[in-house]
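K.L.:
Here it is, the structure, as structure tokens.
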Amino acid sequence: MNAIALKAEKRLRIPFWGLAGAAAAFMIFLWPLLYLFREAFMNPDGGFTLANFTQVLTDPGFGKVILNSVFINSCATLLTTAFGVCFAYIMAYTDLPFKKIIHTLLLLPLVIPSYIVTLAWMQMFLKSSIFYKLTHFELYSYGGIILMFAVCQYPMVYLLCLSHFRKIPRELEQAADISGCGWWKRFWKVSLPITKGTLANAMLLVFLSCLDNFGIVAFIGIPANIQVLSTDIYKTIISVTDSSFAVSAVKAIILSIVAVAIILLSRKMAENAQVAGCEKEDMSPRLFLGNWKYLLLAAVGLFILIVNIIPFLTLAGSAMTKAKGVAFSPATASFANFDKVLHNSKCLNGLKNSVLLAGGTALICGGIGVSVSYFAERRHSAIARKVQSMVTFPYSIPGIILGLSLILTYARSFHGVTIYGTIWILLLAYVIRFTSVILRSSNTAFAQLDGSMEEAASACGAGNRAKWQRVILPLTSGPIASGLGMVIISSLMELTTSSLLWSGGSETVGVVIFNFTSAGMSNLASAYSSLILLCLLVAAGGIKLLSMGVRRGKSRAAAG
85 MNAIALKAEK RLRIPFWGLA GAAAAFMIFL WPLLYLFREA FMNPDGGFTL
135 ANFTQVLTDP GFGKVILNSV FINSCATLLT TAFGVCFAYI MAYTDLPFKK
185 IIHTLLLLPL VIPSYIVTLA WMQMFLKSSI FYKLTHFELY SYGGIILMFA
235 VCQYPMVYLL CLSHFRKIPR ELEQAADISG CGWWKRFWKV SLPITKGTLA
285 NAMLLVFLSC LDNFGIVAFI GIPANIQVLS TDIYKTIISV TDSSFAVSAV
335 KAIILSIVAV AIILLSRKMA ENAQVAGCEK EDMSPRLFLG NWKYLLLAAV
385 GLFILIVNII PFLTLAGSAM TKAKGVAFSP ATASFANFDK VLHNSKCLNG
435 LKNSVLLAGG TALICGGIGV SVSYFAERRH SAIARKVQSM VTFPYSIPGI
485 ILGLSLILTY ARSFHGVTIY GTIWILLLAY VIRFTSVILR SSNTAFAQLD
535 GSMEEAASAC GAGNRAKWQR VILPLTSGPI ASGLGMVIIS SLMELTTSSL
585 LWSGGSETVG VVIFNFTSAG MSNLASAYSS LILLCLLVAA GGIKLLSMGV
635 RRGKSRAAAG
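Converting from the sequence shown to this note's numbering requires adding 84 to each position, the first position being numbered 1.
Quick look at the structure:
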């Protein structure tokens with residue numbers, strides 16, 4: 085066979101595998117959502133009906149759920165934005181001491197599961213606690229849910245605005261100074277208007293994140309009888325009536341429409357959120373406070389202490405008390421709860437399952453994300469770009485909807501085989517939900533990859549395997565590793581989808597903590613959460629030491 089024939093055969097082979105991959109992506113990532121859409125229009129006999137929509141839209145209780153969701157998420161977005169912008173401005177502009185340490189501490193809620201953060205605050209505001217006696221703040225309320233959303237989400241706004249503030253050209257602010265503007269007026273007239281695109285995008289992302297969050301509203305809202313869309317769908321599903329799945333599907337469609345609209349608007353805002361004239365971040369301070377910086381340091385330190393440190397100390401104290409509501413003291417301290425947790429098969433199984441799911445999800449998502457991104461960004465494959473759209477769409481859908489769609493799709497057996505009720509459906513859910521994370525990181529990596537490097541490797545006779553091993557992966561390893569890390573963290577922290585799909589033997593860390601809390605065993609939940617935080621701390625330390633070792637190795641290699 086001559087070279088022309090081989091090339092022709094290769095051209096015919098590529099579309100086949102591309103179409104096969106696109107078909108597989110459609111069945112994995114989109115088919116369950118389409119099945120959910122179909123279920124909303126079905127009656128119990130399998131016929132077409134609009135009665136499910138009529139039942140939901142005419143239900144006064146569902147109207148209250150919608151109002152609760154809009155009110156809570158809107159207030160939480162405003163409070164979150166206030167926290168995030170305030171700290172971003174302080175860190176970007178002032179000469180505050182110990183910025184590196186403060187920056188790390190401000191990001192703590194970003195790496196700790198929101199349900200553990202909520203559990204810690206629940207212990208801090210027990211009726212017998214000193215914080216409740218001083219403030220009489222009722223955490224099981226609208227205000228409590230709003231506060232917890234703000235505590236868990238403000239790092240998102242902080243990071244987005246911090247980068248944007250540092251990119252604002254100094255010339256614009258100097259012009260404002262010459263015009264007689266003080267720092268406060270300069271903030272309102274220059275800094276904030278320039279940041280409005282990024283700020284609007286951040287606010288939309290916070291609203292969407294609150295809409296998707298299940299842990300906070302489940303831990304605080306359900307006991308307080310405050311229903312939002314995610315918990316209302318969850319309670320409808322577990323009610324197990326003839327129309328529960330169909331009604332849940334209708335509510336899920338309504339929630340999906342809102343979520344997709346917010347995502348589209350957010351992307352539009354992100355496109356417009358550019359700062360003209362500055363590509364690099366200006367890390368030097370612009371506002372010198374003199375001795376006032378120490379007062380500001382005390383205020384910021386007090387916030388971090390109350391919001392990000394004391395709750396977890398309270399969590400550890402609750403884990404060491406013998407019963408719920410008993411104040412921690414040397415006389416009441418006990419390690420009995422830790423002993424119970426360490427000898428509880430569900431706790432150990434939950435940790436094992438979460439670790440296995442996180443590792444498996446990272447491997448599968450990495451394989452799919454890197455492959456699709458390479459063909460889309462480097463080979464400019466139209467099919468790969470279509471697959472990208474399929475893979476990223478489920479990420480915009482709240483986890484509770486994905487869980488419901490997988491139940492409807494895989495509850496029935498296929499030739500006597502089903503993954504429903506096993507750990508495999510959790511793995512499938514995690515892959516569907518988090519492949520988009522590594523895909524975005526891979527897109528960034530391949531967009532920065534110089535095409536001449538790959539061409540040079542081909543010119544030297546390197547095959548595809550050698551090119552990937554010696555050129556492509558080493559040059560793209562940073563962003564890809566970052567994406568894999570985010571997939572692992574997201575999988576370990578997941579609760580929303582898992583709360584619907586778990587069964588005996590497939591419980592995860594989040595599910596175990598949720599079950600302990602729902603059963604009123606907050607001391608065991610606190611002990612288990614404390615152990616999980618300790619594991620996360622050790623893992624973070626290990627990763628930090630590993631990265632330092634890698635950097636030193638590269639430095640020595642460069643010096644040699």
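Built from N, CA and C at the ideal position, the CB exists for glycine as well.
Owing to the predicted nature of the structure, the values given are computational and were not obtained by experimental measurement.
Give the DSSP-derived three-state secondary structure of Leu243 in the structure shown.
P.N.:
Correct three-state label for Leu243: helix.
K.L.:
Straight-line CA distance for Val274 to Cys170?
P.N.:
Between Val274 and Cys170, the C-alpha separation is close to 15 Å.
K.L.:
Between the C-alpha atoms of Met232 and Trp101, what's the straight-line distance to the nearest angstrom?
P.N.:
Going by the C-alpha atoms only, they are around 47 Å apart.
K.L.:
Assess contact between the region 213 to 224 and the region 609 to 628, defined as three or more Cβ pairs (one per stretch) separated by less than 8 Å. Is contact present?
P.N.:
Too few Cβ pairs lie closer than 8 Å, so no.
K.L.:
Suppose the cutoff is 7 Å on Cβ atoms and the five residues either side in sequence are ignored; what does the same chain contact list for Phe425 look like?
P.N.:
First, the amino acid is wrong: residue 425 is Val here, not Phe. For Val425, where only same-chain residues beyond five positions count, the Cβ hits under 7 Å are Cys431, Leu608, Ala611, Tyr612 and Leu615.
K.L.:
Taking Leu381 as the reference, which of Val595, Met175, Val195 and Gly604 has the closest Cα?
P.N.:
Closest by alpha carbon: Met175.
K.L.:
Check the C-beta distance from Ile485 over to Ala336 and give it rounded, since I have them as a contact under 8 Å.
P.N.:
Indeed they touch by this definition, with Cβ atoms about 4 Å apart.
K.L.:
If you count every other CB in all the chains shown that lies within 10 Å of the CB of Thr138, and 16 or more means buried, which is it?
P.N.:
When all chains shown are included, Thr138 counts as exposed.
K.L.:
Using 10 angstroms around the beta-carbon of Leu134, count the other beta-carbons present and answer buried if the total reaches 16, otherwise exposed.
P.N.:
Classification of Leu134: exposed, given that the 10 Å Cβ count is below 16.
K.L.:
Tell me which same chain residues have a C-beta within less than 6 Å of the C-beta of Gly569, skipping the five on either side of it?
P.N.:
Nothing listed; no residue qualifies.
K.L.:
Cβ of Ser536 within 8 Å of Cβ of Ile564?
P.N.:
No.
K.L.:
Could you give the DSSP three-state label for Phe298: helix, strand or coil?
P.N.:
In this structure, Phe298 counts as coil in the three-state DSSP scheme.
K.L.:
Val324 by DSSP, collapsed to three states: which one?
P.N.:
DSSP places Val324 in coil when its eight states are reduced to three.
K.L.:
Using C-beta distances below 8 Å, list every residue in its chain close to Lys94, excluding the 5 sequence neighbours before and after it, in chain order.
P.N.:
A caution first: Lys94 carries a pLDDT of 46, below 50, which makes its placement in the model too unreliable to give a value.
K.L.:
Using 8 Å for Cβ pairs, my map puts Trp267 next to Leu371. What's the rounded Cβ distance?
P.N.:
Between Leu371 and Trp267 the Cβ distance is about 6 Å, and since that is below 8 Å, they are a contact.
K.L.:
Rounding to the nearest angstrom, what Cα-Cα distance links Leu276 and Val454 in this structure?
P.N.:
Leu276 and Val454: Cα-Cα distance of roughly 37 Å.
K.L.:
Here's the rule: buried if 16 or more other CB atoms are within 10 angstroms of the residue's CB, otherwise exposed. What is Val501?
P.N.:
When all chains shown are included, Val501 counts as exposed.
K.L.:
Does the region 568 to 583 touch the region 438 to 449, meaning 3 or more C-beta pairs lie closer than 8 Å?
P.N.:
Taking 8 Å as the limit for Cβ pairs, the verdict is that the region 568 to 583 does touch the region 438 to 449.
K.L.:
Can you tell me which of Ile278, Ala403, Val456 and Gly483 puts its alpha carbon nearest to the alpha carbon of Met474?
P.N.:
Comparing Cα-Cα distances from Met474 to each of Ile278, Ala403, Val456 and Gly483, the minimum goes to Val456.
K.L.:
Between the Cα of Thr202 and those of Phe598, Gly626, Ala603 and Leu629, spot the shortest distance and give me the residue it belongs to.
P.N.:
Ranking Phe598, Gly626, Ala603 and Leu629 by Cα distance to Thr202 puts Phe598 first.
K.L.:
Pull up the DSSP beta-bridge partners for Val501, would you.
P.N.:
According to DSSP, Val501 bridges with Phe498.
K.L.:
Suppose the cutoff is 8 Å on Cβ atoms and the five residues either side in sequence are ignored; what does the same chain contact list for Phe271 look like?
P.N.:
Closer than 8 Å at Cβ, skipping near neighbours: Tyr173.
K.L.:
According to DSSP, is Thr405 helix, strand or coil?
P.N.:
Coil.
K.L.:
If I'm right that Lys470 touches Ala106 with Cβ under 8 Å, what's the distance once you round it to whole angstroms?
P.N.:
So it is a contact: roughly 6 Å between Cβ atoms.
K.L.:
Between Tyr226 and Lys280, what straight-line distance do the alpha-carbon atoms span, to the nearest angstrom?
P.N.:
Cα to Cα, the separation comes out at about 28 Å.
K.L.:
How many Å lie between Ala360 and Ser368 at the Cα?
P.N.:
In this predicted model, Ala360 has a pLDDT of only 48, less than 50, meaning its place in the structure is not dependable; the value taken from the coordinates is given anyway. Spanning the two alpha carbons is a distance of roughly 19 Å.
K.L.:
Identify the continuous alpha helix (DSSP H) that holds Met175 and give its terminal residues.
P.N.:
Here the alpha helix (DSSP H) through Met175 covers Pro144 to Tyr177.
K.L.:
Evaluate Ile186 with the Cβ neighbour count: other Cβ atoms within 10 Å of its Cβ, from every protein chain shown; 16 or more gives buried, anything less gives exposed.
P.N.:
Under this definition Ile186 is a buried residue.
K.L.:
Give me the DSSP bridge partner(s) of Met206.
P.N.:
Its beta-bridge partners do not exist; DSSP assigns none.
K.L.:
Determine, using beta-carbon pairs with one atom in the region 230 to 250 and one in the region 150 to 164, whether at least three such pairs fall under 8 Å.
P.N.:
Cβ pair count under 8 Å is three or more, so yes.
K.L.:
Quick check on the burial criterion: 16 or more other C-beta atoms within 10 angstroms. Buried or exposed for Gly130?
P.N.:
Classification of Gly130: exposed, given that the 10 Å Cβ count is below 16.
K.L.:
DSSP three-state label for Met605, please.
P.N.:
Three-state DSSP puts Met605 in coil, outside helix and strand.
K.L.:
How close, in whole Å, do the beta carbons of Ile509 and Ile503 come, if the pair is a contact with beta carbons under 8 Å?
P.N.:
Confirmed, about 5 Å.
K.L.:
For chain C, is any of its Cβ atoms less than 8 Å away from the one on Leu435?
P.N.:
Protein chains in the displayed structure number just one, and chain C is not present.
K.L.:
Buried or exposed for Trp205, please, with buried defined as at least 16 other CB atoms from any protein chain shown within 10 angstroms of its CB.
P.N.:
With 16 or more other Cβ atoms within 10 Å, it is buried.
K.L.:
Report buried or exposed for Asp316, applying the criterion of at least 16 other Cβ atoms within 10 angstroms of its Cβ.
P.N.:
Asp316 comes out buried.
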